[in-house]
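Data block below; observations after.
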Amino acid sequence: MKKRKNEIDMCNGPLFGKVLLFSLPLMLSGILQLLYNAADVAVVGRFAGSESLAAVGSTGALINLIINLFIGLSVGASVVVARNLGAHNFSKVQDSVHTAVAISLVAGVVTMLIGVSLSKVFLSLMDTPADVINLATLYMRIYFIGMPGLMVYNFGAAVLRAMGDTMRPLFFLTISGIINVLLNLLFVCVFHMNVAGVALATIISQYISAILVVICLLKLENSCRVNIKKIAFHKTELSEMVKVGLPAGIQSSLFSVSNVLIQSSINSFGSTVMAGNAAAGNIEGFTYTSMNSVYQAAITFTSQNVGAKKPERISRVAAVSLIIVTAVGLMMGSLSYFGGETLLRIYSTDAAIIPYGMTRLRYICLPYFLCGVMEIFVGLLRGMNCSTIPMFVSIFGSCVFRIIWIYTVFRIYRSPETLYIAYSISWALCAGVHFICYLIIKKRLTKKLRTEPLLN
């Protein structure tokens, strides 16, 4: 079947250029999405002060904890749509696309209600300091009003990714990202709205990106086209999405549990350390999202080739993805650390936060490529319809390990450095176990695909 413009043929021909062609727009899209929060942090840090910076920065781990379960389902949606496209089962493609849209609408409303109603309770449980908690609560409540827009965009973009289209999501985020920055400056510098202004700017931008992706899906000329009257839950497709996406969401949420505990430990050092940690966390995020784009490529290319019964290409997807993610991780991590002082000053004029920000960059950004390697193996496993195993490996290798670390090593050697070093150790442990699991599952899948008909 001939591929249309914006689509990539993942099941035939050389892979390196195609993985790059898929990953680069997605990388830029992720960076633009990060700029939502980075613009919030930079504007509020420079024009509203360190307390406001700490308030916005301290919410990141908690926000991720609440939304990651549902964002994980978008991974399941992408896998199922891609697999059906690879198998050329276009009636199931239609059912899976409309199921994905239905999930996004429900997920958006549920996360909005949870975030708006329980923000202060969760922040109190994290021991957020008294001089920060009210501002942080206000930011979170407004931010979560934008959840329906965020979910619709993410699920819509997942459908486009499944067919190899990563350019249009980049275009949509470019538009909404520019609007976000302009509104930040207007609401904070002109109207002096503090954290409420940056939160409001973010949710307006999120709804704009959601509207753009919906219009795109309505106008597609292939089997991924959305018909509003057909939006519904299809039992088989919903089950498949939950099978892949729920473990992915649980894994991400449990990662966030350990990160919330680490954030709580950081909070115990006071608002200056919190502000430095928040600024560095935003810089670090650009490295992570760059590597995550290659992870998304690994999932999608693997899923389509499973659907097309071409398991021999999965090994090539693995090799290409590992080479690219290692190069990206080393390059971005080094740039983040060696340019760290300059970058941190973008977020705040308070010189006192710089040393604390640099500490985080040193211990997390330089070895960050290990996280990328770990995630590639997770992506390969999920693309092969194996999502539960990487969930359990990550629960024990990262989440449980980090929690034990906090209550043992950190109690003895109480410093931010002790907290940060736990990350790289857990990445290396998980990468090794995921690699072994990949070899086993790949062997079983190859045998299965050679003896059974197409997976539909």
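In my numbering, the protein residues as written are 17 to 472.
Cβ coordinates follow ideal geometry from the N, Cα and C atoms, glycine included.
Quiz item: Would you say ALA324 and CYS27 are within 8 Å of each other, going by their C-beta atoms?
Solution: As a first step, residue 324 is located in the sequence shown; it is residue number 308 there, counting from the start. As a first step, residue 27 is located in the sequence shown; it is residue number 11 there, counting from the start. A contact, by the Cβ cut-off of 8 Å.
(request) Have a look at SER45, VAL336, GLY297 and LYS251 and flag the residue whose alpha-carbon is nearest the alpha-carbon of LEU377. (result) On the sequence shown, residue 377 is found 361 positions in, with the first residue counted as 1. Minimum Cα distance to LEU377 is reached at GLY297.
Three or more C-beta pairs below 8 Å linking the segment 227-247 and the segment 184-200:
yes
Burial state of MET179 (16 or more Cβ within 10 Å): Locating residue 179 in the sequence shown gives position 163, counting from the first residue. Label assigned to MET179: buried.
Leaving aside the five residues before and after VAL389 along the sequence, list all residues of the same chain whose C-beta is less than 7 Å from its C-beta, in chain order. By one-based count along the sequence shown, residue 389 stands at place 373. Excluding positions up to five away in sequence, the list reads LEU338, VAL341, THR342 and ALA447.
- Taking contact to mean at least 3 C-beta pairs separated by less than 8 Å, is the segment 253-265 in contact with the segment 79-92? yes
Inset, instruction - Please confirm if the segment 135-155 is in contact with the segment 96-104, defined as three or more CB-CB distances below 8 Å between the two stretches. - result: Taking 8 Å as the limit for Cβ pairs, the verdict is that the segment 96-104 does not touch the segment 135-155.
MET209 (DSSP reduced to helix, strand or coil)
Here residue 209 corresponds to residue number 193 of the sequence shown, with the count starting at 1. Of the three classes helix, strand and coil, the one that applies to MET209 here is coil, per DSSP.
Next item on the list: Closer than 6 Å by C-beta to CYS240: which residues in its own chain qualify, once you throw out the five before and the five after it? Chain order, please.
Entry: As a working note, residue 240 is residue 224 in the sequence shown. Cβ within range, chain order: VAL113, VAL175 and MET179.
* To the nearest whole angstrom, what separates the beta carbons of PHE203 and THR115, a pair I think is in contact under 8 Å? -> Locating residue 203 in the sequence shown gives position 187, where the first residue counts as 1. Locating residue 115 in the sequence shown gives position 99, where the first residue counts as 1. The pair is not a contact, with the Cβ atoms about 37 Å apart (cut-off 8 Å).
query = In whole angstroms, what separates the C-alpha of THR316 from that of LEU42?
reply = The sequence position of residue 316 within the sequence shown is 300, counting from 1. The sequence position of residue 42 within the sequence shown is 26, counting from 1. Computed Cα separation, rounded: 12 Å.
- Assigned secondary structure, VAL91 (DSSP; H/G/I helix, E/B strand, else coil): As a first step, residue 91 must be located in the sequence shown, where it is residue number 75. Correct three-state label for VAL91: helix.
Quick one: measure Cβ to Cβ for VAL276 and LEU81, integer angstroms, because I've assumed they're closer than 8 Å. As a working mapping, residue 276 is identified with position 260 in the sequence shown. As a working mapping, residue 81 is identified with position 65 in the sequence shown. Rounded, the Cβ-Cβ distance is 6 Å, consistent with contact.
query = Between ARG62 and LEU360, what straight-line distance do the alpha-carbon atoms span, to the nearest angstrom?
reply = As a position in the sequence shown, residue 62 is number 46, starting the count at 1. As a position in the sequence shown, residue 360 is number 344, starting the count at 1. Whole-angstrom Cα-Cα distance: 11 Å.
Could you tell me if ASP181 is buried or exposed, where buried requires 16 or more neighbouring beta carbons within 10 angstroms of its beta carbon? Taking the first residue of the sequence shown as position 1, residue 181 is located at position 165. Label assigned to ASP181: buried.
Is the segment 62-79 in contact with the segment 278-295, if contact means three or more CB pairs nearer than 8 Å? yes
### Message
Using CA atoms only, rank isn't needed, just tell me which of TYR423, GLY131, ALA444 and SER350 is closest to PHE393.
### Response
Looking up residue 393 in the sequence shown gives position 377. Among TYR423, GLY131, ALA444 and SER350, the Cα nearest to that of PHE393 belongs to ALA444.
message: Using the Cβ count rule (16 or more neighbours within 10 Å means buried), how would you classify MET163?
response: Taking the sequence shown and counting its residues from 1, the one referred to as residue 163 is at position 147. With 16 or more Cβ atoms within 10 Å of its Cβ, MET163 is classed as buried.
Are PHE171 and SER107 close, meaning C-beta to C-beta below 8 Å?
Position 155 of the sequence shown holds residue 171. Position 91 of the sequence shown holds residue 107. It is not a contact, given that the beta carbons lie outside the stated cut-off.
**OP:** Using three-state DSSP, classify ILE457 as helix, strand or coil.
**Re:** Locating residue 457 in the sequence shown gives position 441, counting from the first residue. Helix.
- [ ] Determine the DSSP secondary structure at ILE441, reduced to helix, strand or coil.
- [x] One-based indexing of the sequence shown puts residue 441 at position 425. Helix.
What do you reckon, are the CB atoms on ILE224 and ILE195 nearer than 8 Å? By one-based count along the sequence shown, residue 224 stands at place 208. By one-based count along the sequence shown, residue 195 stands at place 179. Yes, these two residues count as a Cβ contact at 8 Å.
- request: Take the Cβ of VAL336 as the centre, count every other Cβ of all protein chains shown within 10 Å, and call the residue buried at 16 or more, exposed below.
  value: Taking the sequence shown and counting its residues from 1, the one referred to as residue 336 is at position 320. Burial call: buried.
Exercise. Can you name, in chain order, every residue of its own chain whose Cβ lies under 8 Å from the Cβ of ILE282, other than the five neighbours on each side?
Worked result: Within the sequence shown, residue 282 is the residue found at index 266, counting from 1. For ILE282, where only same-chain residues beyond five positions count, the Cβ hits under 8 Å are VAL289, MET290, ASN293, PRO432 and LEU435.
C-alpha distance - PHE187 paired with ARG430, whole-angstrom precision
Position 171 of the sequence shown holds residue 187. Position 414 of the sequence shown holds residue 430. Each residue's alpha carbon lies about 45 Å from the other.
Identity of the residue in LEU36, SER352 and VAL242 nearest PHE385 by Cα
In the sequence shown, counting from the first residue as 1, residue 385 sits at position 369. The residue with the shortest Cα to Cα distance from PHE385 is SER352.
(request) May I ask which residues mark the beginning and end of the alpha helix (DSSP H) holding HIS366? (result) Numbered from 1 along the sequence shown, position 350 holds the residue referred to as residue 366. The question names His, yet the displayed sequence has Asp at residue 366. Run containing ASP366: none; DSSP gives neither H nor E here.
*Scan the segment 394-420 and note each continuous alpha helix (DSSP H) run of 4 residues or more that stays entirely inside, going in chain order.*
404-410
Give a yes or no on whether the minimum CB-CB distance between SER280 and chain C is below 8 Å.
Absence of chain C from the displayed structure is noted, only one protein chain being present.
* Between which two residues does the alpha helix (DSSP H) containing PHE203 stretch? -> Within the sequence shown, numbered from 1, the residue matching residue 203 stands at position 187. Run containing PHE203: none; DSSP gives neither H nor E here.
- [ ] Assuming VAL480 contacts SER284 (C-beta within less than 8 Å), just tell me the rounded distance between them.
- [x] This structure cannot speak to residue 480, because the chain is shown only from 17 to 472.
Q: Please name the residue in ASP25, PRO327, VAL117 and ILE47 whose C-alpha comes closest to that of ASN243.
A: Within the sequence shown, residue 243 is the residue found at index 227, counting from 1. Residue VAL117 holds the alpha-carbon nearest to the alpha-carbon of ASN243 among ASP25, PRO327, VAL117 and ILE47.
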